[in-house]
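In UniProt numbering, the protein residues as written are 1 to 398. Think of the CB as a built atom: it goes at the ideal place given N, C-alpha and C, for glycine as much as any other residue. Below is one structure, written out as structure tokens, with a few remarks after it.
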């Protein structure tokens, strides 16, 4: 299996704890097999591990860009983003034909109309527990319902309700948990959910305050100065913090926090919190492959990836749709019109994708991804450039 070069840099020295982790086929840190170990030597950080023959072989392989396409193009595609199956060049183009043709022919204006035709609704007859919890103040927004179907039911802690739904993808029936940002009175339930589901990746797509409005309670330690937080007996401790290192130039900033969570009666649980710090509310970030690299970082966990913004449907839905599409490619299935996938997503997480700009963003990122992974023929370049120009014009200022 071909993959790209990736140097493994020893971790920097942090307090008295040491992070042990496994690596996936791309050389990207895998979830969930990691834990912190206190160094018996007393404070000095040491990396422990072994270099396997496969790892040594990987360091000698060339990147996709360095390899010439052979006549058939049959190979496993990897650019340090996502591993793709061996397929001929013609097969790859056929796999994405429906999506590419529909997107480029429909265009930005047509996709906006397509999105607006998929009305968002709240059928409270299938959200009975959501309605029942309104008096208890456990729902962030009264008009953002939580479906009974696929709802996460808590078995840890005194409260069984949390505004969260399991969401499936082609390769995992519980790939995601989409949830609202914690409220001051639901932080404990959030961490009960993390421990119950054994989730090792949390993706936060909002800030705590946006446009002078509170979007999330402070449920996670933000700095070493206040590295431990307590929620009704649950302690969350910051062990290490760093910035996500992208292999591309991007304006996206993601703060990565390594956490230890202790719930009474349970063994300590370790997870990584990814905080995307500059995705605007109801808007979109600059379009590049940053979300794809983030998804590549977390996708190898078998436990649900917990994703939230403020309501847990807009920015959250965008990330979920991207991963859904990538997994279709990984499973050699046809990538078709995104509208069908969005409608299916809304049956699991109600009203996912809030704005036409988020809908356009998913299309634009997928086009960039397909171009990078050489799924597109050069003949589509003029149409792709026109779509990108129209996308930039439509989303400017959002």
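Asked	Found
Under 8 Å between C-beta atoms of residue 93 and residue 377	yes
Beta-carbon contacts of residue 364 that lie in its chain and below 8 Å, excluding the five residues immediately before and after	287, 387, 388, 391
Residues that DSSP places opposite residue 166 in a beta bridge	177
Beta-carbon spacing of residue 171, residue 330 below 8 Å	yes
Candidates 162, 201, 395: closest to residue 275 by CA position	201
Outcome for residue 157 when other beta-carbon atoms lying within 10 angstroms are tallied against a minimum of 16	buried
For residue 235, the first and last residue of its enclosing beta strand (DSSP E)	234-243
Assumed close pair residue 177, residue 304 - CB separation to whole angstroms, cut-off 8 Å	4 Å
Helix, strand or coil at residue 229 according to DSSP, with G and I counted as helix	strand
Simplified DSSP assignment, three categories, for residue 193	helix
Test item: CB-CB of residue 263 and residue 191 under 8 Å	yes
Continuous alpha helix (DSSP H) stretch holding residue 131: start and end	128-132
C-alpha gap between residue 115 and residue 153, whole angstroms	31 Å
According to DSSP, residues forming a beta bridge with residue 276	254
Own chain, CB closer than 7 Å to residue 209, minus 5 neighbours either side, in chain order	215
Residue range of the alpha helix (DSSP H) that includes residue 93	89-117
As assigned by DSSP and simplified to three states, the class of residue 66	The predicted position of residue 66 is uncertain, since its pLDDT is 34 and thus under 50; no value can be drawn from it.
Rounded Cβ spacing between residue 289 and residue 271 (contact assumed at less than 8 Å)	In fact, because the Cβ distance is near 25 Å, the residues do not count as touching under 8 Å.
C-beta contact flag for residue 358 and residue 98 at 8 Å	no
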